[in-house]
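Position 129 (the sequence shown) corresponds to 544 in the numbering used here; numbering is contiguous. Structure, as structure tokens:
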Amino acid sequence: RVYNMVFVALLSAFVPAFDPAFVPAFVPHAAPFAGLLPASARASAVVAKAAKRKATAGKRKPAKPAAFDLKKAMLVAMRAHQDLWRLDPQRECSRDVYVRADGGSRFFFAGKAVGAAGRCDAVSAVLLQKRAILEHARLLHPELEQMHRLSRPLQLWAAPADSEVSVARKVQALESLEGARLSRAMREDADAGATLAGFDPDQPESDGRAGFSVRLPEDGVPVAPLEVRFASSVAEAEAMAAQEQEAMAAQ
């Protein structure tokens, strides 16, 4: 203990602003003798500790962003679609949405997007809902999920509203949205809670099969239309088949 007292006294003589809290790290029994330090040294130590506590108290770990809830996002998008779809009778703010894996030749139909007339154009309506659309497409089409797990980027493509038949017949081209960008004002309005866009997701077939898809060149432009005729009923389909058989027999 005598040694400790001498050590503290000598240290305080050479280091006037010495922090007494620093002493126990070197001398286990030195804490009771911290009062031997000059008053100026003790005052400096108190101020330093208070500043350190204040600085530490002001630091808060940033809150983690909430996990994306696809089910909740899709319910909101579907309700918005029901309301906004009726307000766009000319379908100027509406698009059919397709998803393709980068470098792939198959375009998968994901659903229909619509923007608020006069406030959100069709392309922006798709971009505002990009995450929900891509995640839904991955669930709907297993091939897209596989490509995603292989780190293949997924791309958004669009076609005029209600053009599935034309796309299937390869008379309607698809438009890439890779270069499209949202305006800052549009993003701010959406973040503030404004209802600017809605989405009607495509659903699996009744037998569990994935939805519609089409093979096209990389630019989404069909080379030649398919010679396809569509029947609106079983009777019409049977009549068409009979006509084709007669035509083949006549050749």
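Each residue gets a CB set at the ideal place from its N, CA and C atoms; glycine is no exception.
Might you give, ordered along the chain, the residues of its own chain that have their beta carbon closer than 6 angstroms to the beta carbon of residue i, omitting 5 neighbours on each side?
| i | result |
| --- | --- |
| Val582 | Ala574, Val629 |
| His496 | Val529, Gly613, Phe614, Asp615 |
| Trp717 | Because the chain in this structure spans residues 416 to 666, residue 717 falls outside the shown range and cannot be described. |
On the criterion of 16 or more Cβ atoms from any shown chain inside 10 Å, does residue i qualify as buried, or is it exposed?
| i | result |
| --- | --- |
| Ser539 | buried |
| Gln544 | buried |
| Pro568 | exposed |
| Leu502 | exposed |
| Pro443 | In this prediction, Pro443 has a pLDDT of 49, which is less than 50 and means its spatial position is unreliable; what the coordinates show is noted afterwards. Exposed, since its Cβ has fewer than 16 Cβ neighbours within 10 Å. |
| Arg599 | exposed |
| Val649 | exposed |
| Asp668 | Nothing about residue 668 can be reported from this structure: the residues present for the chain run from 416 to 666 only. |
| Glu653 | exposed |
| Glu651 | exposed |
CB residue i to CB residue j, shorter than 8 angstroms?
| i | j | result |
| --- | --- | --- |
| Ala528 | Thr610 | no |
| Gln570 | Ser578 | no |
| Ser520 | Ala576 | no |
| Leu592 | Leu542 | yes |
| Leu589 | Gly635 | yes |
| Met489 | Cys535 | no |
| Leu485 | Glu550 | yes |
Check each candidate in the options and name the one with the smallest Cα separation from residue i.
| i | options | result |
| --- | --- | --- |
| Gly623 | Lys487, Leu499, Val541, His556 | His556 |
| Ala625 | Ala525, Ser648, Ala654, Gly635 | Ala525 |
| Phe627 | Phe523, Gln505, Ala463, Val491 | Phe523 |
| Leu559 | Ala607, Gly518, Gly533 | Gly518 |
| Gln618 | Ile548, Ala656, Gln658 | Ile548 |
| Lys487 | Pro504, Ala466, Arg546, Lys469 | Arg546 |
| Trp572 | Phe483, Arg515, Ser621 | Arg515 |
| Gly608 | Lys464, Val491, Lys479 | Val491 |
Could you spell out where the beta strand (DSSP E) holding residue i opens and where it closes?
| i | result |
| --- | --- |
| Ala532 | It is not in any beta strand (DSSP E) - Ala532 carries neither H nor E in the DSSP assignment. |
| Arg510 | 509 to 516 |
| Asp615 | 612 to 616 |
If I measure Cβ to Cβ from residue i and keep anything under 7 angstroms in the same chain, skipping five residues before and after, which residues do I get?
| i | result |
| --- | --- |
| Ala595 | Val538, Leu542 |
| Asp604 | Leu611 |
| His563 | Arg553, Leu569 |
State the start and end residues of the unbroken alpha helix (DSSP H) segment that holds residue i.
| i | result |
| --- | --- |
| Gln561 | 557 to 564 |
| Val629 | Segment 628 to 630 is the beta strand (DSSP E) holding Val629; no alpha helix (DSSP H) there. |
| Asp606 | 599 to 606 |
Give me, in chain order, the residues of the same chain whose beta-carbon lies closer than 8 angstroms to that of residue i; leave out the 5 immediate sequence neighbours on both sides.
| i | result |
| --- | --- |
| Pro637 | Lys585, Val586, Gln587, Ala588, Leu631 |
| Met493 | Gly613, Phe614, Asp615, Pro616 |
| Glu507 | Ala532, Ala537 |
| Glu633 | Gly518, Ser520 |
Using a Cβ-Cβ cut-off of 8 angstroms, state whether residue i counts as contacting chain B.
| i | result |
| --- | --- |
| Ala588 | This model lacks chain B altogether, as it is built from one protein chain only. |
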